[in-house]
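Undergrad: No gaps in the numbering here: position 296 of the sequence shown is 296 in full-length UniProt numbering, and each next residue is one more.
All C-beta atoms in this analysis are idealised placements derived from N, C-alpha and C, irrespective of residue type, glycine included.
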Amino acid sequence: MVPPQSFSHYLKRTPLTLSRTLVASASPSPLDASPPSDPMTLRESPSPMDPPIRGDWCSVDRGGSSGQFRNARFSEVVALNPHSLNSMIICCLRLGKLDKARQLFDQMLDSGTRPSDHSFKSLFYALCDRNRPDEAESIRLSMAAHGLRADQVMCTSLVYAYCRVGNTGSALEVFRNIREPDVYAYGTMIYGLMKKGSVDLAWELFNRMVEKGLRPDVVTYGVMISWYCKNRQVGCAMELLGVMEGCGLSPSLHIYTALMNALCKEGRIADVDHLFDQMLDVGLVPDHLLFTLLISNYPKGHELELVHKVLNTMEKLGCDVDTSMLPRLSDCTCSDEVLLKEFELLLEEIIRCDVVPLIVVFNLLIKMFCVVGRTGLAFFFMDKMVSHGFEPSVAAYNCMISRLCKEGQVNQAESLISLMKDRGVAPKHASFLIMIHAHCESGDVDAALMVFDRMVEQGLEPNVAIYGSIVSALCRIGRIEVAEQMFRRMCKDRTMPDEGIYKALLHGYSRTGRILDARDLFDEMVQNGFKSSTQTYCMMINGLIKENMMEEGCRYLVRMLNDGLLPDIFIYTMFINYFCQKGEVNYAFELVVRMAMSQIKPNLITYGSLISGICRSISRSHQNDPRLATKLREVKAMLSHLLPENMVNPGGLGRRISCTSAGGKLSVALALFQDMIHSGIIPDVQVYNGLINGFCRAGMIGDAYNLFHVMLGTGVVPIM
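#1: Could you check what DSSP says for GLU584 in three-state terms: helix, strand or coil?
#2: Among the candidates ASP182, ASP151, HIS288 and ARG132, whose CA atom is the shortest distance from the CA of residue 721?
#3: Report the option in GLU552, LEU561, ALA145 and GLY424 whose CA atom is closest to the CA atom of LYS531.
#4: Alpha carbon to alpha carbon, how far is LYS421 from SER415?
#5: What's the gap between the Cα of GLU348 and the Cα of GLY376?
#6: Could you tell me if ASN86 is buried or exposed, where buried requires 16 or more neighbouring beta carbons within 10 angstroms of its beta carbon?
#7: CYS580 to GLY500, Cα distance in whole Å?
#8: Can you tell me whether ASN131 is helix, strand or coil according to DSSP?
#9: If MET154 sits next to LYS121, beta carbons under 8 Å apart, how far is it from one beta carbon to the other, in whole angstroms?
#10: Could you compute how far the alpha carbon of PRO392 sits from the alpha carbon of ALA430?
#11: Report the start-end ranges of each alpha helix (DSSP H) in the stretch 191-226 that is 4 residues or longer and not cut off at the edges.
#12: Rounded to whole angstroms, what is the Cα-Cα separation between ILE401 and ALA483?
#13: Using the Cα positions of MET525 and TYR502, report the straight-line distance between them to the nearest angstrom.
#14: Counting only the same chain and skipping the five closest in sequence on each side, list residues whose C-beta sits under 6 Å from that of TYR228.
#15: Can you list, in chain order, the residues of its chain whose CB lies under 6 Å from that of ARG279, leaving out five sequence neighbours each side?
#16: Just tell me which of ILE470, LEU670, SER418 and ILE417 has its CA closest to the CA of GLU441.
#17: May I have the straight-line CA-CA distance separating ALA258 from LEU205, to the nearest angstrom?
#18: If we count the other Cβ atoms within 10 Å of its Cβ and call it buried at 16 or more, is SER510 buried or exposed?
#19: Is the CB-CB distance between VAL464 and MET496 below 8 Å?
#20: Three-state secondary structure (DSSP) at VAL386?
#21: Check this for me: beta carbons of VAL159 and MET194, under 8 Å apart or not?
#22: Where does LEU557 land, buried or exposed, given buried means 16+ other C-beta within 10 angstroms?
#23: Counting C-beta neighbours from all protein chains within 10 Å, is the total for ILE576 16 or more, i.e. buried, or is it exposed?
#24: In whole angstroms, give me the CA-to-CA distance for PRO683 and ALA671.
#25: Please list the terminal residues of the continuous alpha helix (DSSP H) segment that includes GLY166.
#26: Is LEU294 near CYS319, with beta carbons less than 8 Å apart?
#27: Helix, strand or coil for LEU259? Go by DSSP, reduced to three states.
#28: Please state the DSSP three-state secondary structure of ASN528.
#29: For THR495, does the three-state DSSP call read helix, strand or coil?
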C-alpha cells in the first residue's frame with residue numbers, strides 16, 4: 001500500500017544549523033577551544049565513535065582545524081557547554097548516524113542535563129522515519145517528563161510509524177491521546193487499520209470523522225480504494241469512488257491506477273476504458289507505472305485494444321499517430337516488410353512527441369507482435385529497443401519465449417533465455433514455467449526436469465505452479481515414483497501443494513491400483529484444508545470398489561454427503577454395478593429410487609448394469625421356485641418403469657422403421673429413427689437398409705447416399 005502522500009509535509013524538518021562556537025569560554029581545559037571556521041562535522045573515518053560510544057570517550061574533528069577534542073570525558077564536555085552535545089546530536093542525525101545520536105542523547109539524560117527542544121523533536125522524527133516507533137514513544141514520554149508536550153503533528157507521525165510496522169494497537173493508543181485529531185490524523189489511522197485488514201474499525205473511524213464535520217481528503221479515499229482493489233473487491237472500490245466524486249473530490253492518478261489495475265485482472269475492459277478516458281478528460285497524464293500495469297495485466301486477446309488505447313492517448317496529447325496498419329496485423333496476406341515500414345514511421349512520431357515513455361511503447365509493441373504471431377517483427381523491435389539504450393522487460397522476454405514455444409521452436413526459446421542472462425536480465429519464475437510447461441505438453445518430461453534443475457542452480461526456488469506442471473506431466477505418463485519424489489521435495493522445501501497437485505497424484509495412484517496410497521494422500525489433502533470435489537470422491541470410490549473395499553467406499557460416500565456434495569450419475573452407477581455383480585438387485589434398485597429423488601436420470605451404463613444384475617438373479621433361481629413368476633413380473637415392471645418404451649424393445653422399433661419406410665411413409669420413419677438415436681440406441685444394419693431402400697424408391701438418391709456414409713461413420717458394416 002502506498003503511504004498517504006499528504007502526510008509528507010509533516011516530516012519536513014527545520015534546517016539544522018550548528019553553532020560555530022563550541023566552547024563559550026577559554027578557561028583552561030584539556031580541550032582546544034579555538035573556534036572552527038566551518039560547521040562541525042563528525043569524522044567519517046574510524047574514530048572512538050565507531051563502533052558506538054561505550055561510555056566516556058568521544059573524538060570530534062572540527063572541520064580540519066587544529067583544535068580537536070581528544071580523549072575528552074563526556075562529563076567534562078557537558079560541564080563546559082551542554083549546547084555542544086545538542087549540536088553533536090543534530091550532526092549525527094544529519095549524517096544518518098541515528099544510533100550514535102541516540103546514545104549521546106541518553107548520556108545527556110543520564111548526566112542530568114536536559115536536551116534542547118530541537119534535539120528532542122529531531123531525534124523523535126528520525127526514529128519515526130526509521131520505523132522505530134517504540135523508541136520514539138520513549139522520547140515522547142521523556143519530553144513530557146521534562147515539561148515539553150508533543151504536539152499533534154508529532155503524535156500523527158508516531159501513529160504513522162506504528163502503522164507502518166503493523167502495530168495498530170499502539171497506534172490507536174497514541175491516536176486517542178490526540179485532543180482534536182484533524183483530517184490527517186484520521187487519515188493516518190485509517191491507513192494503518194486498512195493495511196492491517198481491520199476494515200470495520202477503519203469505517204467506524206471514517207464515520208466518526210464525518211460526524212465531527214471533517215471532510216475526508218483524496219488521500220484517505222485513496223487508501224481505502226487501494227485496499228479494496230488489492231483484495232479483489234473492485235465493486236466496493238467503485239462504489240467508494242462514486243461517493244468520493246459525489247463529495248466534489250477528483251481522483252488522483254494513484255487511485256485511477258489502482259482501479260484500472262484491479263479491473264484489468266477481472267477482465268472488465270469496458271470499465272477500464274471508461275476510467276482511462278475519464279482520467280484523460282480531467283487532465284491527468286498516465287505515467288510509466290500505469291502503462292506498465294496495463295501491459296502486465298491486460299487480459300489476453302485484447303492486446304490490440306491496448307495498443308489502440310495507448311495510441312489514442314498520444315493523439316489526445318498532441319501526437320500525430322496513424323493507426324490504420326493495426327487491423328492488417330492479423331491479415332495473413334500482409335507481409336512483415338510492409339508492416340515494418342509503417343511501424344517504423346509510427347515509432348519516429350512517438351519519439352518526436354515524447355508523451356509516452358519509449359520503453360513502454362517498445363514493450364507493448366513486442367507483446368502485441370507476439371500475440372498476433374508476427375515473431376519476426378517482435379525480434380526486430382526488440383533489437384531496435386536495445387539500440388535505443390533500453391532493455392526489454394522480463395514480461396516482453398516471456399512473451400517471446402511463450403510464442404516460440406507455441407510455434408514449436410523450443411530450442412530457440414532456450415537460446416532466448418540464455419540471451420536474457422547474457423544481457424543481465426535474470427529470468428524469473430514465469431520464464432522457466434513457460435519452458436517447463438512447453439516440454440511437459442510435448443511429453444518431454446526429462447527436458448522439463450533439466451530446466452527445473454537449471455532454475456534451482458540459479459538460486460530460484462520453484463513455486464507451486466512449476467511443481468504442479470511437472471507432477472501432473474509425470475502422473476500422465478505413469479511415472480508415479482518420480483512424481484512422488486518431486487512431491488516430497490516440494491513438501492521439504494515448504495512449498496504447500498495446491499489442489500491440482502493432489503488430484504494429479506490421486507489420479508495417478510488410482511490408475512496404477514495403489515488405492516491405499518491414494519487414501520492416505522486424500523486424508524492428507526483434507527487435513528491441509530483442501531475441500532475435495534465430486535470428481536475426487538468419484539475417483540476414490542471407484543478405486544475402492546475395484547479393490548472390493550466396499551465398506552471403505554461407503555464411508556467415503558458418507559464423507560462426501562457430510563461435505564455437502566451430492567453424488568452424480570457416475571457414483572450411483574458404480575454402486576449399482578457393484579450390487580448387481582454381487583446379486584444384490586434390491587439394493588441396486590433402492591439406489592435407482594434415490595437417483596430419481598435427486599432428479600438424476602440413469603444412463604445406458606446404469607441400465608446395462610441393472611439388466612445384467614436381474615438376469616444373473618433369475619439364472620441363479622431354481623426352475624421349480626414358485627417365486628420365479630413373481631420375480632419375472634417385478635423385473636418387467638421395473639424395466640418398463642425405468643426404461644422408455646422404445647428402449648425396452650429396440651428390435652420392434654427397428655421393424656417399425658423398416659415397415660413405415662417400405663410403405664412410403666419416410667417422414668414417419670425418419671421421426672422414429674431420430675427417436676431411436678435420442679434414446680441412445682445404435683441403429684443396426686437392418687434399420688439403415690430399410691431407410692436407404694425407402695429413399696431409393698422415392699428417388700432421393702442423394703439422401704440415400706448421405707445416410708450410407710452416416711452408417712459407415714457409426715461403424716455399421718453394410719451387407720452385400
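TA: The short version:
#1: In the structure shown, GLU584 falls within a coil segment according to DSSP collapsed to helix, strand and coil.
#2: In this structure the chain extends from 1 to 720, so residue 721 is not present and cannot be described.
#3: Checked all of GLU552, LEU561, ALA145 and GLY424; the closest Cα to LYS531 is LEU561.
#4: For LYS421 and SER415, the distance between alpha carbons rounds to 10 Å.
#5: So the two alpha carbons sit approximately 20 Å from each other.
#6: Per the 10 Å Cβ criterion, buried.
#7: Cα to Cα, the separation comes out at about 34 Å.
#8: Reduced to three states, the DSSP call for ASN131 is coil.
#9: Confirmed, Cβ separation roughly 7 Å.
#10: So the two alpha carbons sit approximately 15 Å from each other.
#11: Annotation note: the stretch 191-226 contains the following uninterrupted alpha helix (DSSP H) runs of length 4 or greater, listed N- to C-terminal: 199-211.
#12: Our two residues, ILE401 and ALA483, have alpha carbons roughly 26 Å apart in a direct line.
#13: Each residue's Cα considered, the two are about 7 Å apart.
#14: So the list reads CYS236 and ALA237, once near-sequence residues are dropped.
#15: One detail in the question is off: residue 279 reads as Met in this sequence, not Arg. Cβ within range, chain order: TYR256.
#16: Nearest in C-alpha terms to GLU441, of all of ILE470, LEU670, SER418 and ILE417, is ILE470.
#17: Straight-line Cα distance between these residues: approximately 23 Å.
#18: Here SER510 is buried: its Cβ has 16 or more other Cβ atoms, across all protein chains shown, within 10 Å.
#19: In contact: VAL464 and MET496 (Cβ atoms closer than 8 Å).
#20: VAL386 falls in the helix class under three-state DSSP.
#21: In terms of Cβ geometry, VAL159 and MET194 do not form a close pair [threshold 8 Å].
#22: Of the other Cβ atoms in all chains shown, 16 or more fall within 10 Å of the Cβ of LEU557; this residue is therefore buried.
#23: Burial call: buried.
#24: The alpha-carbon of PRO683 is positioned some 13 Å away from that of ALA671.
#25: Annotation for GLY166: no alpha helix (DSSP H) segment contains it, and DSSP assigns it neither H nor E.
#26: No, the Cβ-Cβ distance between LEU294 and CYS319 is not below 8 Å.
#27: In this structure, LEU259 counts as helix in the three-state DSSP scheme.
#28: In this structure, ASN528 counts as coil in the three-state DSSP scheme.
#29: If DSSP states are grouped into helix, strand and coil, THR495 belongs with coil.
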